[in-house]
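In our numbering, the protein residues as written are 401 to 510.
By construction, the Cβ of each residue, glycine as well, lies at the ideal position given by its N, Cα and C atoms.
This report refers to the structure that appears directly beneath it.
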(Lines of atoms letter the chains of each structure in order from A and count residues from 1; the text may use other names and numbers.)
(Lines give C-alpha, C1' and ligand atoms only; values in the text may rest on other atoms or scores of the structure.)
Protein backbone atom coordinates (compact mmCIF):
# COMPACT_ATOMS: atom_id res chain seq x y z
CA UNK A 1 0.00 0.00 0.00
CA UNK A 2 1.59 3.28 -1.03
CA UNK A 3 1.97 5.83 1.79
CA UNK A 4 -0.73 4.68 4.18
CA UNK A 5 -1.75 6.69 7.19
CA UNK A 6 -0.96 4.90 10.45
CA UNK A 7 -4.68 4.46 11.17
CA UNK A 8 -5.27 2.97 7.72
CA UNK A 9 -2.32 0.65 8.11
CA UNK A 10 -3.71 -0.47 11.48
CA UNK A 11 -7.11 -1.21 9.91
CA UNK A 12 -5.55 -3.26 7.12
CA UNK A 13 -3.36 -5.06 9.67
CA UNK A 14 -6.42 -5.87 11.80
CA UNK A 15 -8.19 -7.38 8.77
CA UNK A 16 -5.08 -9.40 7.86
CA UNK A 17 -4.83 -10.65 11.46
CA UNK A 18 -8.43 -11.86 11.31
CA UNK A 19 -7.71 -13.72 8.08
CA UNK A 20 -4.54 -15.25 9.54
CA UNK A 21 -6.35 -16.33 12.71
CA UNK A 22 -9.60 -17.67 11.26
CA UNK A 23 -8.53 -18.69 7.75
CA UNK A 24 -11.38 -20.24 5.72
CA UNK A 25 -13.72 -19.90 8.72
CA UNK A 26 -13.71 -16.09 8.51
CA UNK A 27 -17.15 -14.88 7.39
CA UNK A 28 -19.19 -11.73 6.81
CA UNK A 29 -18.91 -8.91 7.51
CA UNK A 30 -15.12 -9.37 7.32
CA UNK A 31 -15.02 -11.34 4.08
CA UNK A 32 -17.24 -12.44 1.23
CA UNK A 33 -17.09 -15.28 -1.29
CA UNK A 34 -16.85 -14.02 -4.89
CA UNK A 35 -16.85 -17.34 -6.77
CA UNK A 36 -14.24 -19.64 -8.34
CA UNK A 37 -12.49 -20.00 -4.98
CA UNK A 38 -11.85 -16.26 -4.69
CA UNK A 39 -12.88 -14.28 -1.61
CA UNK A 40 -12.52 -10.66 -0.57
CA UNK A 41 -11.29 -9.29 2.72
CA UNK A 42 -13.47 -6.27 3.54
CA UNK A 43 -12.49 -3.24 5.60
CA UNK A 44 -12.84 0.53 5.56
CA UNK A 45 -10.01 3.04 5.53
CA UNK A 46 -10.24 6.68 6.59
CA UNK A 47 -12.70 8.91 4.75
CA UNK A 48 -15.07 5.92 4.48
CA UNK A 49 -13.05 4.32 1.67
CA UNK A 50 -14.33 0.75 1.46
CA UNK A 51 -11.30 -1.36 0.58
CA UNK A 52 -11.07 -4.94 -0.62
CA UNK A 53 -8.18 -7.39 -0.80
CA UNK A 54 -9.00 -10.48 -2.84
CA UNK A 55 -7.49 -13.83 -1.92
CA UNK A 56 -7.78 -17.60 -2.23
CA UNK A 57 -6.72 -20.67 -0.29
CA UNK A 58 -4.48 -23.01 -2.35
CA UNK A 59 -4.59 -25.64 0.39
CA UNK A 60 -3.80 -26.09 4.03
CA UNK A 61 -3.38 -22.90 6.04
CA UNK A 62 -1.87 -20.97 3.11
CA UNK A 63 -3.59 -17.89 1.76
CA UNK A 64 -2.59 -16.03 -1.39
CA UNK A 65 -3.43 -12.32 -1.61
CA UNK A 66 -4.36 -11.49 -5.19
CA UNK A 67 -5.51 -7.90 -5.74
CA UNK A 68 -6.46 -4.78 -3.80
CA UNK A 69 -8.93 -2.07 -4.74
CA UNK A 70 -11.14 0.67 -3.30
CA UNK A 71 -14.82 -0.11 -3.77
CA UNK A 72 -16.47 2.56 -5.91
CA UNK A 73 -19.70 0.93 -7.12
CA UNK A 74 -22.30 -1.51 -5.78
CA UNK A 75 -21.02 -4.34 -8.00
CA UNK A 76 -17.32 -4.41 -8.81
CA UNK A 77 -17.63 -6.86 -11.70
CA UNK A 78 -14.37 -5.86 -13.40
CA UNK A 79 -12.43 -6.10 -10.13
CA UNK A 80 -13.91 -9.53 -9.37
CA UNK A 81 -12.96 -10.78 -12.84
CA UNK A 82 -9.45 -9.35 -12.41
CA UNK A 83 -9.09 -11.26 -9.12
CA UNK A 84 -10.35 -14.50 -10.68
CA UNK A 85 -7.85 -14.11 -13.53
CA UNK A 86 -5.06 -13.42 -11.02
CA UNK A 87 -5.97 -16.63 -9.21
CA UNK A 88 -5.81 -18.67 -12.43
CA UNK A 89 -2.44 -17.17 -13.34
CA UNK A 90 -1.10 -17.71 -9.84
CA UNK A 91 -2.34 -21.30 -9.74
CA UNK A 92 -0.88 -22.27 -13.12
CA UNK A 93 2.30 -20.18 -13.31
CA UNK A 94 3.60 -20.09 -9.75
CA UNK A 95 4.66 -23.39 -8.27
CA UNK A 96 7.30 -21.99 -5.91
CA UNK A 97 6.74 -22.25 -2.16
CA UNK A 98 5.42 -19.35 -0.15
CA UNK A 99 7.89 -16.46 -0.09
CA UNK A 100 6.51 -14.41 2.79
CA UNK A 101 4.79 -15.45 5.98
CA UNK A 102 2.45 -13.07 7.80
CA UNK A 103 3.36 -12.36 11.39
CA UNK A 104 0.74 -10.39 13.35
CA UNK A 105 3.54 -8.77 15.35
CA UNK A 106 4.55 -6.80 12.26
CA UNK A 107 7.52 -8.83 11.04
CA UNK A 108 7.71 -10.51 7.67
CA UNK A 109 9.51 -13.83 7.58
CA UNK A 110 11.06 -15.24 4.41
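Alpha helix (DSSP H) segment containing residue i, residue limits
| i | result |
| --- | --- |
| residue 444 | Counting along the chain, residue 444 falls outside any alpha helix (DSSP H), though it belongs to the beta strand (DSSP E) covering 438-445. |
| residue 473 | Unbroken run through residue 473: none, as it is neither H nor E. |
Beta-carbon separation (whole angstroms), residue i vs residue j, contact threshold 8 Å
| i | j | result |
| --- | --- | --- |
| residue 453 | residue 468 | 5 Å |
| residue 445 | residue 411 | 6 Å |
| residue 419 | residue 480 | Contact doesn't hold; Cβ gap of about 18 Å is too wide. |
First through last residue of the beta strand (DSSP E) which encompasses residue i
| i | result |
| --- | --- |
| residue 462 | 462-470 |
| residue 417 | Premise fails: residue 417 lies in the alpha helix (DSSP H), 406-422, not in any beta strand (DSSP E). |
Per DSSP, the bridge partner or partners of residue i
| i | result |
| --- | --- |
| residue 433 | 439 |
| residue 453 | 441, 468 |
Of the listed residues the options, nearest to residue i (C-alpha basis)
| i | options | result |
| --- | --- | --- |
| residue 404 | 473, 451, 483, 460 | 451 |
| residue 434 | 448, 472, 459, 487 | 487 |
| residue 470 | 460, 459, 449 | 449 |
| residue 482 | 457, 438, 461 | 438 |
| residue 356 | 430, 425, 424 | In the structure as shown, the chain starts at 401 and stops at 510, and residue 356 therefore has no counterpart that could be examined. |
| residue 491 | 457, 461, 472, 440 | 457 |
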